[in-house]
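Under the UniProt record's numbering, think of the first position of the sequence shown as 1, with each following residue one higher. All residues carry an ideal CB built from backbone N, CA and C; glycine is no exception. Since the model is a prediction, treat every value here as computed from it, not as a measurement.
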Amino acid sequence: MRLLNTTTFQLVLLSDDHVPPYAILSHTWADEEVSFESLSGAATPPTHLRGWAKIAETCAASRALDLAHVWVDTCCIDKSSSAELSEAINSMFRWYQEASVCIAYLADVGPVGDGFEASRWFTRGWTLQELIAPRKVLFYGGDWAQLGTRVSLKSLIKEVTGIPEQLLAPRDFNDERLDAFSVAQRMSWAAARVTTRPEDVAYCLLGIFDINMPLLYGEGRAKAFKRLQEEIIKSTEDESLYAWRCRPESLRERHFWGLLADSPAAFGNYRGLLPVRSRYLSRRRAGKTVSVTNRGLKLEVLLTPFPNDASGTIFFAFLDCDVRREGSTSTLAPAILLQRTAWDSDADFIRIRPDILALSMMNVVVLPDEISLKVGAGLGDHNAALAEAIPRQISVPHNCMAALPPSGILFDPQVEYSGNLPVQVTVNVTSRSPTWQYFATPTLPDSRELYEINFNLVSVPNVDQLKAPTVFGVLELDISTASVGDDLCCLVAGVEPTDPNPFGTPALYFVPCM
Numbered sequence: 001m002r003l004l005n006t007t008t009f010q011l012v013l014l015s016d017d018h019v020p021p022y023a024i025l026s027h028t029w030a031d032e033e034v035s036f037e038s039l040s041g042a043a044t045p046p047t048h049l050r051g052w053a054k055i056a057e058t059c060a061a062s063r064a065l066d067l068a069h070v071w072v073d074t075c076c077i078d079k080s081s082s083a084e085l086s087e088a089i090n091s092m093f094r095w096y097q098e099a100s101v102c103i104a105y106l107a108d109v110g111p112v113g114d115g116f117e118a119s120r121w122f123t124r125g126w127t128l129q130e131l132i133a134p135r136k137v138l139f140y141g142g143d144w145a146q147l148g149t150r151v152s153l154k155s156l157i158k159e160v161t162g163i164p165e166q167l168l169a170p171r172d173f174n175d176e177r178l179d180a181f182s183v184a185q186r187m188s189w190a191a192a193r194v195t196t197r198p199e200d201v202a203y204c205l206l207g208i209f210d211i212n213m214p215l216l217y218g219e220g221r222a223k224a225f226k227r228l229q230e231e232i233i234k235s236t237e238d239e240s241l242y243a244w245r246c247r248p249e250s251l252r253e254r255h256f257w258g259l260l261a262d263s264p265a266a267f268g269n270y271r272g273l274l275p276v277r278s279r280y281l282s283r284r285r286a287g288k289t290v291s292v293t294n295r296g297l298k299l300e301v302l303l304t305p306f307p308n309d310a311s312g313t314i315f316f317a318f319l320d321c322d323v324r325r326e327g328s329t330s331t332l333a334p335a336i337l338l339q340r341t342a343w344d345s346d347a348d349f350i351r352i353r354p355d356i357l358a359l360s361m362m363n364v365v366v367l368p369d370e371i372s373l374k375v376g377a378g379l380g381d382h383n384a385a386l387a388e389a390i391p392r393q394i395s396v397p398h399n400c401m402a403a404l405p406p407s408g409i410l411f412d413p414q415v416e417y418s419g420n421l422p423v424q425v426t427v428n429v430t431s432r433s434p435t436w437q438y439f440a441t442p443t444l445p446d447s448r449e450l451y452e453i454n455f456n457l458v459s460v461p462n463v464d465q466l467k468a469p470t471v472f473g474v475l476e477l478d479i480s481t482a483s484v485g486d487d488l489c490c491l492v493a494g495v496e497p498t499d500p501n502p503f504g505t506p507a508l509y510f511v512p513c514m
């Protein structure tokens with residue numbers, strides 16, 4: 001790491017094994033900051049820059065604390081080197097953690113602390129780890145008068161940030177571990193914070209979750225944040241990561257969502273009920289893993305059908321975490337809504353209505369008014385009894401794509417005789433509509449007949465266009481048994497739509513039927 005000498009204003013490059021005690025600055029950037037280039041390439045300090053006063057006062061405050069070195073992000077990182085920038089961002093939490101003291105400079109706060117709670121410092125993404133990681137934090141106002149410490153101001157800081165006081169109290173390195181707090185709780189601390197570069201919404205949280213990953217500036221906020229969550233999944237079984245809620249206005253953008261949020265803002269809509277680590281060990285989760293694929297996630301969840309859903313496509317997925325109000329000992333289990341995406345697979349799902357986080361106790365789910373009305377009469381205004389939730393392995397993509405429709409319909413007239421049938425049965429096709437194609441292999445020993453309706457040769461409506469059952473072909477069959485004789489019947493083949501679901505989301509597949 002590179003440190004600034006607080007007396008000579010010279011930069012010193014040091015290996016991790018030979019780092020002296022140092023102070024570290026936490027601040028918000030302004031115009032004309034002192035950069036690595038302006039400081040390292042100058043014969044004299046760049047006192048003409050507006051940001052120089054901040055550097056000089058930081059050094060003075062450090063000297064007053066008997067510290068000969070300080071780390072400042074504006075001038076101690078060579079940002080022209082992508083490798084050094086990546087190393088610095090991945091190491092930054094540790095650097096703040098190992099500093100003797102963190103000097104938090106709140107430039108917009110008055111001499112007696114006026115405007116402390118409204119300071120811009122509390123709104124920035126990077127200052128979250130700068131508040132949490134250090135052993136000791138000293139706050140200074142715009143005139144460089146000391147305002148207090150993280151300990152003396154912990155009640156006020158908790159009110160502003162939502163960070164529990166026990167994490168702000170005096171501690172050594174491991175007195176209060178961050179991983180004692182759920183993923184969702186830690187995300188909620190960043191929900192209202194912003195960064196200048198969109199990707200930094202994710203990168204500023206690397207240390208909060210003890211994650212190291214490459215920086216890809218240009219990938220955008222959503223991709224960077226999804227990569228962060230995928231790395232979190234690899235290091236924890238905490239399913240509160242999936243217990244996020246978006247605002248209702250976000251539903252105008254799309255109907256279908258993955259399990260991962262687009263930004264930390266989705267973890268700021270809990271209305272006082274916060275997902276926390278479960279108080280009980282879950283045997284169901286013991287040894288279970290989540291697979292991160294190029295399409296999405298494969299995982300095991302507890303599923304139960306949504307009550308009174310005629311479509312049979314909507315399910316509650318219960319998450320392995322608790323939800324409780326601060327100060328309360330009562331806990332509820334959160335559940336999210338999933339929709340089945342394929343007719344031929346009961347393992348493919350997508351999330352719907354991420355503005356809803358249902359809460360359950362035992363086999364009763366506490367529903368918002370809107371959902372209670374959808375469940376139907378007879379189940380109470382706010383509570384619905386559920387069928388037992390069953391653990392199932394499912395796949396949930398990051399982005400919903402309609403399931404590929406079947407390529408056709410096959411009919412095999414040969415009856416597989418297993419010996420359990422009381423009599424031998426034979427089936428012969430006596431006539432067929434033109435849409436059925438006939439295939440046979442009479443020259444082979446195991447010759448068999450097949451009939452096919454090829455969907456490339458018939459007009460098949462899109463899923464969203466199919467409003468009623470549609471017939472594609474008809475077969476007349478002669479079913480013969482030794483005891484009864486011939487029996488003529490007609491086989492009608494086609495597709496039918498699923499019934500509408502209670503939430504009005506579009507159907508994602510139609511069902512072949514005969």
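C-beta atoms of residue i and residue j nearer than 7 Å
i           : j           : result
residue 263 : residue 365 : no
residue 58  : residue 120 : no
residue 522 : residue 70  : Any property of residue 522 remains undetermined from this structure, which presents the chain solely from 1 to 514.
residue 435 : residue 411 : no
residue 49  : residue 32  : yes
residue 493 : residue 463 : no
residue 244 : residue 222 : no
residue 132 : residue 203 : no
residue 516 : residue 504 : Residue 516 lies beyond the stretch modelled for the chain, which goes from 1 to 514, so this question has no answer here.
Span separating the alpha-carbon of residue i from that of residue j
i           : j           : result
residue 258 : residue 129 : 28 Å
residue 109 : residue 9   : 27 Å
residue 14  : residue 199 : 29 Å
residue 185 : residue 217 : 26 Å
residue 170 : residue 151 : 6 Å
residue 231 : residue 211 : 7 Å
residue 38  : residue 158 : 38 Å
residue 353 : residue 297 : 18 Å
residue 425 : residue 415 : 7 Å
residue 343 : residue 488 : 30 Å
residue 145 : residue 113 : 9 Å
residue 468 : residue 448 : 34 Å
residue 499 : residue 314 : 11 Å
residue 311 : residue 509 : 11 Å
Residue i beta carbon near the ligand GDP (any heavy atom closer than 6 Å)
i          : result
residue 66 : This structure lacks the ligand GDP; in fact it carries no ligand of any kind.
Cβ distance (whole Å) where residue i is taken to contact residue j below 8 Å
i           : j           : result
residue 272 : residue 325 : 5 Å
residue 117 : residue 147 : Not quite, the Cβ-Cβ distance comes to about 12 Å (not below 8 Å), so this is no contact.
residue 356 : residue 337 : 6 Å
residue 138 : residue 104 : 7 Å
residue 320 : residue 501 : With 8 Å as the limit, residue 320 and residue 501 do not qualify as a contact, their Cβ atoms being about 26 Å apart.
residue 274 : residue 86  : Between residue 86 and residue 274 the Cβ distance is about 33 Å, and since that is not below 8 Å, they are no contact.
residue 389 : residue 303 : 6 Å
residue 470 : residue 495 : 6 Å
residue 178 : residue 141 : Not really, about 28 Å apart at Cβ, beyond 8 Å.
residue 197 : residue 76  : Actually they do not touch by this definition, with Cβ atoms about 19 Å apart.
residue 341 : residue 246 : Contact flag wrong, Cβ pair sits at about 20 Å.
residue 123 : residue 136 : With 8 Å as the limit, residue 123 and residue 136 do not qualify as a contact, their Cβ atoms being about 23 Å apart.
residue 261 : residue 225 : 7 Å
Contacting residues, own chain, Cβ-Cβ under 6 Å from residue i (five flanking each side not counted)
i           : result
residue 134 : 96, 99, 102
residue 345 : none
residue 62  : 6, 23, 70
residue 78  : 36, 84
residue 295 : 397
residue 348 : 341, 342, 395
Simplified DSSP state of residue i, which is helix, strand or coil
i           : result
residue 353 : coil
residue 464 : helix
residue 18  : helix
residue 222 : helix
residue 380 : Annotation note: pLDDT 44 at residue 380 (below 50); position unreliable, coordinate value reported separately. In this structure, residue 380 counts as coil in the three-state DSSP scheme.
residue 90  : helix
residue 211 : coil
residue 261 : coil
residue 206 : coil
residue 270 : coil
residue 430 : strand
residue 283 : Low confidence applies here, because residue 283 scores a pLDDT of 46, under 50, leaving its location unreliable; read the following figure in that light. Of the three classes helix, strand and coil, the one that applies to residue 283 here is helix, per DSSP.
residue 496 : strand
residue 97  : helix
residue 56  : helix
residue 249 : helix
Beta-carbon contacts of residue i that lie in its chain and below 8 Å, excluding the five residues immediately before and after
i           : result
residue 335 : 316, 317, 318, 319, 357, 358, 359, 360, 365
Residue i at chain C interface by Cβ criterion, 7 Å
i           : result
residue 182 : Annotation note: the requested chain C is absent from the structure, which comprises a single protein chain.
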